[in-house]
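Keeping their order, the protein sequence lines are chains U and A.
With our numbering, you'll find the first sequence wraps up at 146, consecutive numbering, no jumps.
With our numbering, you'll find the second sequence wraps up at 1508, consecutive numbering, no jumps.
Written below as structure tokens is the structure these notes are about.
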Amino acid sequence: MTPTLAGRIQTRLFMLGTVGVVLTALIVPVLPGTHGGLAATYKSAFVMLVAVAVVGVLWELLYHLLMQFRWDKDWPTLFGLVTILPEGLVMFLLLRAGVVPGVGGKVAASTFVTMFVFVWIGVWLFSNGPMRVPFVQWRLRGGRLL
Amino acid sequence: MPTTHAHGDLTPQLIGTPVWYDQAVAAAGIPIYDAPFVSVGGGLGSFILTDVLRIQGAPASAIRVVSTSETPWQSWEYLTRVSQLPVRERIRSDAGARPDNLWGFPSYAMTEAWQDKSIALAWQVLVEPLFADFFAPRAGTVFATVRKEAERISYWNMLAQGQVRMVRRRAGGGYFTLVTPPAGTTPTKRIAIRSRYVHLAVGYPGLKYLPDLQEFRETYNDYHRVVNAYEPHEHVYEFLKTRPGVVVVRGAGIVASRVLQRLIDDRERLGLQTQIVHIFRTYVQGSHGPGVWMRRKGGDGWAYQAFTFPKSAFGGQLKAQYRNADADKRKQLSKAVGGTTTPPLRRWQGQLRRGRQGNWYHPMQAVVEKVEPTMDGRLLSHTRGDDGNRNRLVSDFVIDCTGLEADMAEHRVLDDLLRNGGARRNGAGRLAVGPNFEVLGAASGDGALYASGAATGGNHFLAVDSFMGMQTAALDIAADLAKRGFVRRLGPVRSTNQWLKWALNRSI
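If you want it as structure tokens, here you go:
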């Protein structure tokens, strides 16, 4: 992909708001390590999704900076996959530190990893292909939708 | 009244009039046919635009493609073949740039992986360009997929054989495209197509040769030993199979890389003794560029780049920057990212390394001042290096891989458009076009004239001469035509529906 900064941020928010929401809704009922009712788990899960989006904007700023060292100003497919590691780790630490408001209680590592990996892979797969089908100009505008 | 022209041919009056009246064309005996949209060229540029227009709802009957080519890939196939890119070899193009598929999904990598049942290709596109070279499709894959798409959109029904002589504005709006059909196919020498819209995708005006090589050819009438890589030159490789020889290769782009590959493939496969002297006019020592944010890799003479421009010129940061920049900034950017480059493919790197180690590949920096024949019928190149050193090289052949482009006015239709059609040149000497690829100054009433491809370089978009560049132009032209009511908008619903039809190979 060859994103612009605006394209990165728009794509991140759009992906989490569509594919992310659908995948979260699907995975919550089968998440391991949860306690409390399904409604509470849904609430925590969607709060986490919002947190990934908000913190993600900061990550995009960093990625954009790093991309400037690349002559092609591109973001290889593999980068989109492996950035799951730093982003997942930081999000988990933020959750454990209790700085994400609205998440009730301690989130089990198994719960977090299952949801995070499932949503991440889904978003990554969708943005590396199917996204081009409804939005034909998306890849030609550096990932901008607006 | 005495006439000096045949009935149905151009008259001096028509030639001398920039805007034509229907009556004047009819009076010359030239039959007039109507079509709302005409695309001149019939190569991949025309094909890609007609594909987009058909997807956006234009019926095949509303479009005429006028061409001397029988297929959209004919000219491209010829040029790739003679420049040492047979159908099995991989071109220099991204996996997602598919002239047969506007969406670029699934990419050529996925299609080839599926066809070949090859995990390796899927793996390559996953880890490119970090742990593998960029994936690039085979030339043959492009031909085959374009053929399939041409069938699907009824391309053959839109194609009209003929040589376009000129496009003139029509009094009352729109254009006349004056065509010379193949001899004997029509009662008159010329026919005219009256249309509201015209699109020009005529490709390169022609090839230009290095001045010293041109002089050699003209002086000694020798087209055998000095060859251009874009011309058929198989005899060079055949000669080298029969006896050891020395070849001078000039140029530092993709074609030079391919010619070297062919020479070295033959050398290694058949055990030949070919010596290769490679002359770089600009010898790139290493990474280069205006600053830490813009460093292009290079070395061993070459400037390295995966595609003809940095990848983001096709649809990312550089495209946006360039589009928003003023004329001075554009010039600066285009200088920083321009120049001759080649992809640093692992296979080529290995071959050249073996050549240097084995002392049969000799890269050097020099400018060639003169080429002349020797007494025994070989070639003597007089060279001068940037360090002032003069040298004389004897070789059996010189292969010119520089690929210089001829001036736009060498193309008859473009020349006429500049003289009579209201079009003007931009700072780079190409056609000045607006953001929708509308040729500036050439509007005619409610009609519009568009262009895409090489002729539109130097405007708001760098990568015009590429599959993705032609798709970009096609989408922008079609968006403009949607505003004018000729086609529908390509919103998410139509786009998804049309993609499904593409995926199911349903005719449209």
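By construction, the Cβ of each residue, glycine as well, lies at the ideal position given by its N, Cα and C atoms.
Residue i, buried or exposed, once every other Cβ within 10 Å from all chains shown has been counted against 16
| i | result |
| --- | --- |
| residue 1073 (chain A) | buried |
| residue 85 (chain U) | exposed |
| residue 1248 (chain A) | buried |
| residue 1374 (chain A) | exposed |
| residue 1003 (chain A) | Here the model assigns residue 1003 (chain A) a pLDDT of 48, short of 50, so the residue's position is not dependable, and the following value carries that caveat. Residue 1003 (chain A) comes out exposed. |
| residue 1242 (chain A) | exposed |
| residue 1483 (chain A) | exposed |
| residue 1211 (chain A) | exposed |
| residue 127 (chain U) | buried |
| residue 1101 (chain A) | buried |
| residue 1230 (chain A) | buried |
| residue 1131 (chain A) | exposed |
| residue 1357 (chain A) | exposed |
| residue 22 (chain U) | exposed |
| residue 1086 (chain A) | exposed |
| residue 132 (chain U) | buried |
| residue 1045 (chain A) | buried |
| residue 15 (chain U) | buried |
| residue 1195 (chain A) | buried |
| residue 1465 (chain A) | buried |
| residue 1287 (chain A) | exposed |
| residue 1485 (chain A) | exposed |
Chain U contact for residue i (CB, 8 Å cutoff)
| i | result |
| --- | --- |
| residue 1002 (chain A) | Note that residue 1002 (chain A) scores 47 on pLDDT, short of 50, meaning its location in the model is unreliable and no value can be drawn from it. |
| residue 1297 (chain A) | yes |
| residue 1167 (chain A) | no |
| residue 1499 (chain A) | yes |
| residue 1475 (chain A) | yes |
| residue 1293 (chain A) | yes |
| residue 1538 (chain A) | With chain A covering 1001 to 1508 only, the question about residue 1538 (chain A) has no answer from this structure. |
Inter-residue Cα distance where the pair is residue i and residue j
| i | j | result |
| --- | --- | --- |
| residue 1430 (chain A) | residue 1456 (chain A) | 6 Å |
| residue 1274 (chain A) | residue 1246 (chain A) | 6 Å |
| residue 1017 (chain A) | residue 1060 (chain A) | 32 Å |
| residue 1497 (chain A) | residue 43 (chain U) | 35 Å |
| residue 1202 (chain A) | residue 1508 (chain A) | 26 Å |
| residue 1200 (chain A) | residue 95 (chain U) | 59 Å |
| residue 1439 (chain A) | residue 1076 (chain A) | 24 Å |
| residue 1139 (chain A) | residue 1091 (chain A) | 6 Å |
| residue 64 (chain U) | residue 90 (chain U) | 18 Å |
| residue 78 (chain U) | residue 1 (chain U) | 10 Å |
| residue 952 (chain A) | residue 1433 (chain A) | The requested residue 952 (chain A) does not occur in the structure, where chain A is confined to residues 1001 to 1508. |
| residue 1147 (chain A) | residue 130 (chain U) | 24 Å |
| residue 1307 (chain A) | residue 1143 (chain A) | 20 Å |
| residue 1233 (chain A) | residue 12 (chain U) | 52 Å |
| residue 1122 (chain A) | residue 1116 (chain A) | 11 Å |
| residue 53 (chain U) | residue 145 (chain U) | 17 Å |
Contact set between residue i and chain A, taken where Cβ atoms lie within less than 8 Å
| i | result |
| --- | --- |
| residue 142 (chain U) | 1312, 1315, 1316, 1317, 1319, 1320 |
| residue 43 (chain U) | In chain order: nothing, as chain A lies at least about 31 Å away. |
| residue 57 (chain U) | Here the premise fails: no neighbours, minimum Cβ distance about 18 Å. |
| residue 136 (chain U) | 1102, 1103, 1475, 1490, 1495 |
Closer than 7 Å at the beta carbon, the chain A residues around residue i
| i | result |
| --- | --- |
| residue 4 (chain U) | 1316, 1317, 1320 |
Residue i: CB within 7 Å of a non-hydrogen atom of the ligand MN
| i | result |
| --- | --- |
| residue 102 (chain U) | This structure lacks the ligand MN, and indeed carries no ligand of any kind. |
Where residue i meets chain U, residues with beta-carbon distance less than 8 Å
| i | result |
| --- | --- |
| residue 1472 (chain A) | 140 |
| residue 1104 (chain A) | 132, 139 |
Proximal residues of chain U, C-beta to C-beta of residue i below 7 Å
| i | result |
| --- | --- |
| residue 1306 (chain A) | 72 |
| residue 1018 (chain A) | Here the premise fails: no neighbours, minimum Cβ distance about 36 Å. |
Chain A within 8 Å of residue i, Cβ atoms only
| i | result |
| --- | --- |
| residue 116 (chain U) | no |
| residue 76 (chain U) | yes |
| residue 129 (chain U) | yes |
| residue 112 (chain U) | no |
| residue 14 (chain U) | no |
| residue 126 (chain U) | no |
| residue 25 (chain U) | no |
Within chain A, the residues that residue i reaches when beta carbons sit closer than 9 Å
| i | result |
| --- | --- |
| residue 10 (chain U) | By Cβ distance, chain A contributes nothing, its closest Cβ being about 13 Å from residue 10 (chain U), past 9 Å. |
Contacts that residue i makes with chain U (C-beta to C-beta distance below 9 Å)
| i | result |
| --- | --- |
| residue 1130 (chain A) | 76, 78, 79 |
Chain U contacts from the region 1485–1496 of chain A (Cβ-Cβ distance under 9 Å) = 1490, 1491, 1492, 1493, 1495, 1496
Near-chain U residues of the region 1109–1128 of chain A (beta-carbon distance less than 9 Å), N- to C-terminal order | 1110, 1125, 1126, 1127, 1128
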